[in-house]
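A.B. asks: Numbering (our numbering), first residue to last: 160 to 259.
Even glycine gets a Cβ: it sits at the ideal position worked out from N, Cα and C.
So that we are looking at the same thing, I have put the structure below in structure tokens.
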Amino acid sequence: MADNYPQDWTAEDTYWSTNYRNRPYASAGSQDYETYRPGYRYGYESAHRYQGKNWNDVESDLSSSWNTYEHRSSSTWEQVKAAVRDAWDRVTSNRSLGTR
């Protein structure tokens with residue numbers, strides 16, 4: 160894999176910590192960034208791991224693997240699913256634009 164995605168996580172982490180409150184699932188303000196952070200990272204890493212696949216093809220695998228993901232903290236799949244998808248979409252959208 161040509162992408163060195165673990166090194167790039169820092170930039171994504173900064174992006175999401177600044178922008179997560181603008182997302183529909185976080186706009187109510189009931190959760191802080193640390194609730195969603197593991198989901199963003201998981202989505203980011205998974206988009207690289209499953210490069211060339213679309214979300215619908217991998218969502219069930221991601222859901223099943225969430226409980227063993229090393230960075231998940233206490234967040235449940237239902238709590239972070241939308242954040243995972245957001246990070247996935249950001250990576251795959253950037254990749255298709257040639258910016259990753």
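Can you look up H230 in the DSSP assignment and give me helix, strand or coil?
C.D. replies: Here H230 sits in coil by DSSP.
A.B. asks: By the three-class DSSP mapping on this structure, what secondary structure does D191 have?
C.D. replies: D191 falls in the coil class under three-state DSSP.
A.B. asks: Mind checking which residues open and close the alpha helix (DSSP H) that includes S222?
C.D. replies: Segment 214-224, the alpha helix (DSSP H) holding S222.
A.B. asks: Taking Cβ positions, are R249 and Y203 nearer each other than 9 Å?
C.D. replies: Yes; because the gap between Cβ atoms is below 9 Å, this pair is in contact.
A.B. asks: Which value, in whole angstroms, describes the spacing of the CA atoms of Y209 and R196?
C.D. replies: The alpha-carbon atoms of Y209 and R196 are separated by roughly 20 Å.
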